[in-house]
DNA sequence: CGTATATTCAACCAAATGGTTGACCAAACT
DNA sequence: AGTTTGGTCAACCATTTGGTTGAATATACG
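Residue numbers (my numbering), protein chains in the order written: chain A, 8 to 131; chain B, 8 to 131.
So, in structure tokens, the structure goes:
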């Protein structure tokens with residue numbers, strides 16, 4: 008039933024983390040923003056420019072991405088710069104990789120994999 | 008590695024795919040269900056058993072997971088069996104890998120895994 | 001047959017989401 | 001100083017989401 012492996016991905020902090028990260032990634036506008044930031048850091052106005060929605064809407068998206076830890080924002084002068092923080096994707100990536108190894112035989116390997124990878128990711 | 012996947016992120020169908028997959032993963036109940044199905048196929052009632060919400064709510068979650076392609080459901084007799092479909096996670100994994108500028112934790116192992124698994128693409 | 005079991009459906013509800021607009025504040029440029 | 005620029009805030013709106021309940025539909029069992 009519920010074994011030790013599951014305790015890791017059911018842990019409260021981890022689960023809340025994954026909630027916000029996956030929810031942030033579920034919106035195409037936000038994924039597009041992340042893709043833009045992959046090329047370079049950008050000011051909020053420049054992030055908003057290619058989209059047809061209002062600047063305020065983009066600002067909200069950026070807040071969501073920031074809360075998910077997927078980007079960081081630093082204000083220099085009156086300009087707020089947005090920077091990709093790909094580390095936040097690691098927890099989600101690790102979680103997802105567990106489902107790739109679908110064969111029950113590989114479950115032990117996944118368990119070991121989690122124990123190695125998770126401590127480097129989440130220590131809040 | 009980045010430019011190869013780049014075309015994928017912007018394609019409309021892919022984007023809609025990612026919408027539904029990431030949205031499905033954003034709910035802790037649904038992730039818990041996936042984790043349960045990792046161990047074995049299960050009937051809807053058995054999936055619902057450890058949760059405190061109603062069976063109907065679980066049934067809805069299973070519909071969402073099915074639409075995202077993350078599970079499949081097969082009705083045998085009056086029992087509907089739920090089966091994990093980890094292939095659906097692959098698209099999301101690949102998308103996330105594009106942001107893999109961050110120091111690869113163990114993503115090279117994941118890449119090798121992808122190369123092994125990708126040709127064995129089974130249809131639903 | 002009648003009844004229990006497995007699952008979904010339909011109607012409803014509260015809360016969250018993604019968007020708008022206009023007011024607002026702080027920094028920069030004349 | 002006054003005005004433009006960069007960005008957020010607040011109030012609103014429509015839609016979606018995640019949950020409930022009770023009725024409905026199969027399928028199995030005795």
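In this text, a Cβ means the ideal position worked out from N, Cα and C, and glycines have one as well.
Residue 49 of chain B and residue 69 of chain B have their C-alpha atoms spaced approximately 11 Å apart. Contact annotation: residue 33 of chain B and residue 33 of chain A have beta-carbon atoms nearer than 7 Å.
For secondary structure counted as the alpha helix (DSSP H) over 4 or more consecutive residues, the segment 34-90 of chain B holds these complete runs in sequence order: 35-46, 51-55 and 62-74. If you check each beta-carbon in the segment 44-61 of chain A against every beta-carbon of chain B, the ones closer than 9 Å belong to 45. Shortest Cα-Cα distance from residue 55 of chain A to any of A:36, A:98, A:101 and A:83 involves A:36.
For residue 27 of chain B, the closest alpha carbon among the candidates B:78, B:84 and B:89 is that of B:78. Per DSSP, the continuous alpha helix (DSSP H) segment holding residue 94 of chain B begins and ends at 94-104. In this structure, the CA atom of residue 46 of chain A is about 12 Å from the CA atom of residue 92 of chain A. Counting the other CB atoms within 10 Å of its CB gives residue 60 of chain B a total below 16, which places it among the exposed residues.
The alpha carbon of residue 106 of chain A has as its nearest neighbour, out of B:51, B:97, B:67 and B:87, the alpha carbon of B:97. Listed in chain order, the non-local C-beta contacts of residue 87 of chain B below 6 Å within the same chain comprise 51 and 80, local neighbours out to five positions each way being set aside.
Of the residues A:25, A:30, A:101 and A:74, the one whose Cα lies closest to the Cα of residue 89 of chain A is A:74. Of the residues assessed, residue 63 of chain B falls on the exposed side of the cut-off, its CB having fewer than 16 other CB atoms within 10 angstroms. Under the Cβ criterion of 7 Å, residue 75 of chain A is not counted among the residues facing chain B.
For the pair residue 31 of chain B and residue 57 of chain B, the Cα-to-Cα distance works out to about 19 Å. Residue 71 of chain A and residue 85 of chain B have their C-alpha atoms some 43 Å from each other. Of all alpha-carbon atoms in B:103, B:99 and B:94, the one lying nearest the alpha-carbon of residue 95 of chain A is that of B:103. Separation of the CB atoms of residue 25 of chain A and residue 99 of chain A is rounded to 6 Å, and the pair is thereby assigned contact status at 8 Å. In this structure, the straight-line span from the alpha carbon of residue 29 of chain B to that of residue 22 of chain B is close to 10 Å. Sequence-ordered contacts of the segment 21-34 of chain A with chain B read 22, 23, 25, 26, 27, 28, 29, 30, 31, 32, 33 and 34 [C-beta pairs closer than 9 Å]. At least one C-beta of chain B is nearer than 7 Å to the C-beta of residue 96 of chain A. Using a CB distance cut-off of 7 Å, residue 79 of chain A does not count as an interface residue toward chain B.
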